[in-house]
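Below: one structure, written as structure tokens.
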Amino acid sequence: MTPSTRSNSLPDLATPWYTLDAEKTLSEFGSNPETGLTSQQVQERLQQYGSNELEEAAGRSSWEILLDQFKNIMLLMLIAVALISGLLDLLALRQGSFEGIPFKDTIAILLIVILNGVLGYLQESRAEQALAALKSLSSPKVRVIRDGRTLEIDGKELVPGDIMLLEAGVQVSADGRLIEESNLQIREAALTGEAQAVNKKVDIHLNEETPLGDRINLVYQGTEVVQGRGTVLVTGTGMRTELGKIAEMLQSVESEPTPLQRRMTQLGNVLVTGSLILVAIVIVGGMAASYFKSNRFDWGVLQELVEVSLSMAVAVVPEGLPAVITVTLALGTQRMVRRHALIRKLPAVETLGSVTTICSDKTGTLTQNKMVVQKVATGRQTFSVTGEGYAPQGEFRINNQPTTPEQNPELQTLLLACVLCNDALLQREEPQRQENGKGKAKQSFESEWAILGDPTEGALLSLAGKAGLEKEPLNRQLKRVEEFPFSSERKRMSVICEGSTQNVARPAQNSPFIMFTKGSPELILERCTTYQQGDATQALSNEERSLVLEQNNQMAGAGLRVLGFAYKPLDTKPPEGSDEATERELIWLGLVGMLDAPRPEVRDAVAKCREAGIRAVMITGDHQLTAQAIAHDLGIAKVGDRVLAGPELQRLSQEELEQQVDNVSIYARVSPEHKLRIVQALQSRGKFTAMTGDGVNDAPALKQADIGIAMGITGTDVSKEASDMVLLDDNFATIVAATEEGRVVYMNIRRFIKYILGSNIGEVLTIAAAPLLGLGGVPLTPLQILWMNLVTDGLPALALAVEPAEPDVMKRPPFSPRESIFARGLGSYMVRIGIVFAIISIALMVWAYSYTHAPGYNGEGGPDTWKTMVFTTLCLAQMGHALAVRSNNRLVIELNPFTNPYLLWAVLVTTALQLALVYVPFLRDFFGTHFLSLQELGICFAFSSLLLVWVELEKLFFRFYYSRRS
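Going by the working numbering, 1550 is the number at position 322 of the sequence shown; the sequence numbering is gapless.
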């Protein structure tokens, strides 16, 4: 190749270099393929284009993430409460009127604030490592030509115009245009999703619409040289490479808050706003009542009202809720791991329950990633083949009736060709220890069959194995002595075997050599003159040729990959390189049609999705017919449904794509970069989308999706780091199982929010009523309220978090991810139960106040014993509420208590701890409680049980009401 003319100005790196020939590209960059760039040119281009590194946009620092946690409105209110409480304690200390331990409320509240802040930080602080994984794809060292010498430099020092040398085993360090190659093959799977290595060519002219995977005159950063060598002109470095574009897309995708995060923000706003309104009513109402009573403002009354307000503010904030939610999500991740789904981001556990659309790759997720022969056609006979995976177990059937190869000699010969014209190995792996559904190890006695070599050839060995033909004994009987290998130009492969066999037509049985050929059906048929019928051969007429081609079209139309088989008896071993002359006048054997068979469990999973109101969408790089065959078989689409192919999708604008996504369930020949557009189109239509992916190019789509799902077996590190969830078994059914767990988690979160906030509303109203009713002092201190919110509420709430799934959890549509936390009656339930709870507590409070202030009362705690009675009643009532809230419509006595034994234990332990606060002296002193007599404790139990009775009566009323309506 001659040196190129040097250009004075540097080119635009966005030029589609694959459309230009090598000479023109060299000229544009002012590069010489023999001498490379000069040192001066390198320095100029380093200044112009920068170093060959991916640039990382500035993100939030750890300190910023931590500080952001304390911007939560509920935590800000608690901080204000802690400071005011501390100020009141300080004033009391200075006046000498303080009793007990100073600042204990302030310290306790601030500890809770810090704990909640740390929990939030731990959830958010996992740094995005997708860009770091992308950076690891660039090679640290690379060989280049500069100043006429071959040098090894750091990959980051490459500049556009450099001459880069490639050889087998190296990783490509920059994008470039090939200027010379020798049998160069590059594996681009991480970038394009195509598993096969790509044969690269220099002298090929491509148009501008050529997709990324077909630009065979270019090489890309991060890909791997499998075979051969090449010389490359660097055309893109750093962020101007295809990897750089992916990095840019990754960084441009903004993380949206999850449904749970939005709901918790809404909950905080409502609670704090309601609390402030109630505080204002109490203070203004209390001061007005004091003023009208004494005709002056009493600052002592104001201080008392402020203390009441502090207690109300602490009561309204569910301090234990963040911890309960975090533990619930963590328990959900453990259950999902047992079902082969690894959750990388904790909020994703609940988010899964909102999914409305699952966009799944085909190969290995919907299918087994194992080619399985479905049909065999010989002469005028067509056989269907049963069996799964690579296991050599199954039947041959004609018209759904079993048959054997011995009854069909031409089938026997074809199976012989399948074994001998084959370079793969079929092996049985040892049984492995596996986990059962309970997370315990069990011994599996089912050994797996695996393929060493090409999956297509493996399917042929499995097919022959179903007829009892094994490779090793046949190789000994018919020893391979020569072969004409497969190539993309020839589209066929032939092997010459020495020896004789009875499994061929009679005229060939005594020949010393036999050649078996397989490959493209049309091309092999052209080289045949006869076909085998029984154990004889007959002339291949035009009618027979038409029949074979029709069989081929039918198989291909059903999405099968079809191979043609033939053979030829030889008197002598053919010389090397004589393939054109030898592969003529062949005897046609038949067609073998195979398919990457669907996973058997996926059909039920798709049906389960449909029943649950979730739409399954197939997105594949495979051919349209194959995609349709699998989608129809699995029930993802019906015959006649629209299929959108990659080239057509490429021509659509984003608005046009948005108009079509609701009607398309199959996307074929789609390149990974199209996935981002599909996700965005679905989201613009209000769909909550889960997207699977395994390649580097899938990372932006995974990050954009509401749930990004990476493949655990075939996935790249980049895709895993960009995802929310990793499928440990690459199985679609696992996504459905994880979605079910997500729904259970969300239902349980709603269940314990209903429990916690219904109780909190009752507490707030009870505290607010005390000064308005003219009762002396605050019934509950901030410390006692923290105890209720953390322990009395917290332990039963954690137990409610492991409530098992309801039977209909996957028999209804998903709840809208945009619905309010108060939707579907939860808000009205909380207010209704809160008011009932408050009425019961206020009735007890009024009675207890008058009882303990009556003349002659000689209780151990004195007149303030009423406060401990209120505290104890509130705590005990919540235990009955916890038991009742398990179900919306079934009574406690109708529920099996042992389906959630944790709740029974939580109720018993919490009750015991509450009694300890009353009867253990040092706890009584710390929490400011008073000793209760058995009569007083019995009264507390009696009043607290009324809440359980009310909730159960409500269930009976609604059951009766709805039965009358129906």
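For every residue, glycine included, the Cβ atom is placed at its ideal position computed from N, Cα and C.
query: Hey, out of M1846, I1906, A1961, whose CA is closest to D1934's CA?
result: As a first step, residue 1934 is located in the sequence shown; it is residue number 706 there, counting from the start. Nearest option by C-alpha distance: I1906.
message: Contact defined as beta carbons within less than 8 Å: I believe G1514 pairs with L2018. What is the distance between those atoms, to the nearest angstrom?
response: The sequence position of residue 1514 within the sequence shown is 286, counting from 1. The sequence position of residue 2018 within the sequence shown is 790, counting from 1. That pair is no contact at about 28 Å.
- request: Check each candidate in R1322, L1488, E1535, E1292 and name the one with the smallest Cα separation from A1996.
  value: Sequence index remark: in the sequence shown, residue 1996 carries index 768 (1-based). With distances taken between Cα atoms, A1996 lies closest to E1535.
- prompt: When you compare only the Cα positions, how much space is there between I2049 and T2127?
  reply: As a working note, residue 2049 is residue 821 in the sequence shown. As a working note, residue 2127 is residue 899 in the sequence shown. It is roughly 26 Å from the alpha-carbon of I2049 to the alpha-carbon of T2127.
message: Going residue by residue through the segment 1590-1615, where are the continuous beta strand (DSSP E) segments of at least 3 residues, counting only ones entirely within it?
response: Counting whole runs of 3 or more residues, the segment 1590-1615 contains the beta strand (DSSP E) stretches 1595-1606, 1609-1613.
message: Is the separation between the beta-carbon of A1896 and that of A1873 shorter than 8 Å?
response: Your numbering for residue 1896 matches position 668 in the sequence shown. Your numbering for residue 1873 matches position 645 in the sequence shown. Taking 8 Å as the Cβ cut-off, A1896 and A1873 qualify as a contacting pair.
query: What are the start and end residues of the beta strand (DSSP E) that includes I1432?
result: The count along the sequence shown starts at 1 and reaches residue 1432 at position 204. I1432 -> no beta strand (DSSP E), and no H or E assigned at all.
- request: Say whether the segment 1268-1275 touches the segment 1449-1461, bearing in mind that this needs 3 or more beta-carbon pairs closer than 8 Å, one atom from each stretch.
  value: no
- request: My understanding is that A1687 touches M1822, with C-beta atoms under 8 Å, so please give their C-beta distance in whole angstroms.
  value: Taking the first residue of the sequence shown as position 1, residue 1687 is located at position 459. Taking the first residue of the sequence shown as position 1, residue 1822 is located at position 594. Contact flag correct, Cβ pair sits at about 5 Å.
- request: Report the rounded CA-to-CA distance for V1867 versus N1597, giving the unit in angstroms.
  value: Position 639 of the sequence shown, counting from 1, holds the residue named residue 1867. Position 369 of the sequence shown, counting from 1, holds the residue named residue 1597. Each residue's CA atom was taken as its position, placing V1867 and N1597 some 24 Å apart.
query: In the DSSP assignment, what are the bridge partners of Q1629?
result: Taking the sequence shown and counting its residues from 1, one reaches residue 1629 at position 401. I1626.
query: So, are the CB atoms of A1516 and I2013 less than 8 Å apart?
result: Taking the first residue of the sequence shown as 1, we reach residue 1516 at position 288. Taking the first residue of the sequence shown as 1, we reach residue 2013 at position 785. The Cβ-Cβ distance between A1516 and I2013 does not fall below 8 Å.
For K1521 and C2103, the rounded distance between their alpha carbons: Residue 2103 sits at position 875 when you count from the first residue of the sequence shown. Residue 1521 sits at position 293 when you count from the first residue of the sequence shown. Going by the C-alpha atoms only, they are around 35 Å apart.
message: Taking the beta strand (DSSP E) that P1826 belongs to, which residues open and close that run?
response: Numbered from 1 along the sequence shown, position 598 holds the residue referred to as residue 1826. It spans 1814-1826 - the beta strand (DSSP E) in which P1826 sits, taken as one unbroken run.
field: Cβ-based burial, H2158 [other Cβ within 10 Å; buried from 16]
entry: In the sequence shown, residue 2158 corresponds to position 930, counting from 1. Buried: at least 16 other Cβ atoms inside 10 Å.
Same chain, Cβ closer than 7 Å to E1772, five either side skipped, listed in chain order: For the purposes of this step, residue 1772 is taken as residue 544 along the sequence shown, with counting starting at 1. Excluding residues up to 5 positions away in sequence, Y1759 lie with their Cβ nearer than 7 Å to the Cβ of E1772 in the same chain.
- request: Grab me the residues of K1982's own chain with a C-beta within less than 7 Å of its C-beta, minus the 5 sequence neighbours each way, in chain order.
  value: Here residue 1982 is taken as the residue at index 754 of the sequence shown, counted from 1. Cβ within range, chain order: L2054, Y2057, M2058, V2113.
message: Can you check which of these residues, R1718, S1715, R1708, is closest to G1727 by C-alpha distance?
response: Locating residue 1727 in the sequence shown gives position 499, where the first residue counts as 1. Of the listed residues, the one whose Cα sits closest to G1727 is R1708.
task: For F2208, count neighbouring C-beta atoms within 10 Å of its own C-beta (all shown protein chains included) and say buried if the count is 16 or more, exposed if not.
output: Nothing about residue 2208 can be reported from this structure: the residues present for the chain run from 1229 to 2194 only.
- prompt: Using the rule of at least 16 other Cβ atoms within 10 Å of the residue's Cβ for burial, across every protein chain shown, is V1512 buried or exposed?
  reply: Locating residue 1512 in the sequence shown gives position 284, where the first residue counts as 1. The residue is exposed, with fewer than 16 neighbouring Cβ atoms inside 10 Å.
- request: Go to W2094, then tell me how far its alpha helix (DSSP H) extends in each direction, as first and last residue.
  value: Within the sequence shown, numbered from 1, the residue matching residue 2094 stands at position 866. Here the alpha helix (DSSP H) through W2094 covers 2093-2112.
message: The beta strand (DSSP E) that contains P1928, what's its start and end?
response: Residue numbering aside, residue 1928 sits at position 700 when the sequence shown is read from its first letter. No beta strand (DSSP E) contains P1928, which is instead part of the alpha helix (DSSP H) from 1927-1932.
message: So I1407 and T1451 are supposed to be a Cβ contact under 8 Å. How far apart are they, rounded?
response: Position 179 of the sequence shown, counting from 1, holds the residue named residue 1407. Position 223 of the sequence shown, counting from 1, holds the residue named residue 1451. Rounded, the Cβ-Cβ distance is 17 Å, inconsistent with contact.
- request: State the DSSP-derived secondary structure class of K1746, mapped to helix, strand or coil.
  value: As a first step, residue 1746 is located in the sequence shown; it is residue number 518 there, counting from the start. Strand at K1746.
field: Status (buried if at least 16 other CB within 10 Å, exposed otherwise) for N1260
entry: Taking the sequence shown and counting its residues from 1, one reaches residue 1260 at position 32. It is buried - the Cβ of N1260 has at least 16 other Cβ atoms within 10 Å.
message: Measuring only from the beta carbon, is S1522 closer than 7 Å to any heavy atom that is part of the ligand NAP?
response: Looking at this structure, you won't find the ligand NAP or any other ligand, since it has none at all.
- request: Output the boundary residues of the alpha helix (DSSP H) element that contains M1305.
  value: Translated into positions along the sequence shown, residue 1305 becomes position 77. 1301-1323 is the span of the alpha helix (DSSP H), which, as asked, contains M1305.
- request: Round the Cβ separation of A2029 and T1556 to the nearest angstrom and send it over; I've been treating them as touching at under 8 Å.
  value: Walking along the sequence shown from the start, residue 2029 turns up at place 801. Walking along the sequence shown from the start, residue 1556 turns up at place 328. Right, their Cβ atoms sit about 4 Å apart.
- prompt: Relative to the alpha-carbon of L1394, which residue among V1387, L1412, K1384, R1377 has its alpha-carbon at the smallest distance?
  reply: Within the sequence shown, residue 1394 is the residue found at index 166, counting from 1. Taking each of V1387, L1412, K1384, R1377 in turn and checking the Cα distance to L1394, the smallest one comes out for L1412.
task: Output yes or no for whether 8 Å exceeds the beta carbon distance between G1258 and I1373.
output: For this step, residue 1258 is matched to residue 30 along the sequence shown. For this step, residue 1373 is matched to residue 145 along the sequence shown. No. Outside cutoff.
- prompt: How many whole angstroms separate the CB atoms of L2131 and A2110, which I take to be in contact at a CB cut-off of 8 Å?
  reply: Walking along the sequence shown from the start, residue 2131 turns up at place 903. Walking along the sequence shown from the start, residue 2110 turns up at place 882. Contact between L2131 and A2110 is confirmed by a C-beta separation of about 6 Å, below the 8 Å threshold.
field: Three-way DSSP call (helix, strand, coil) for I1679 in this model
entry: Along the sequence shown, one-based indexing puts residue 1679 at 451. I1679: strand per DSSP, three-state reduction.
Where F2188 falls, given that 16 or more other Cβ within 10 Å makes a residue buried: For the purposes of this step, residue 2188 is identified with residue 960 of the sequence shown, where counting begins at 1. Looking at its Cβ environment, which holds fewer than 16 other Cβ atoms inside 10 Å, F2188 is exposed.
message: On the DSSP letters alone, give me the boundaries of the beta strand (DSSP E) that K1719 sits inside.
response: Within the sequence shown, the letter at position 491 stands for residue 1719. From DSSP, K1719 is part of no beta strand (DSSP E); its letter is neither H nor E.
Ranges of the beta strand (DSSP E) found wholly within the segment 1534-1596, counting only runs of at least 3: Here the runs fully enclosed are 1569-1571, 1585-1588.
- prompt: Tell me the DSSP bridge mates of A2196?
  reply: Absent from the structure is residue 2196, since the part of the chain shown begins at 1229 and ends at 2194.
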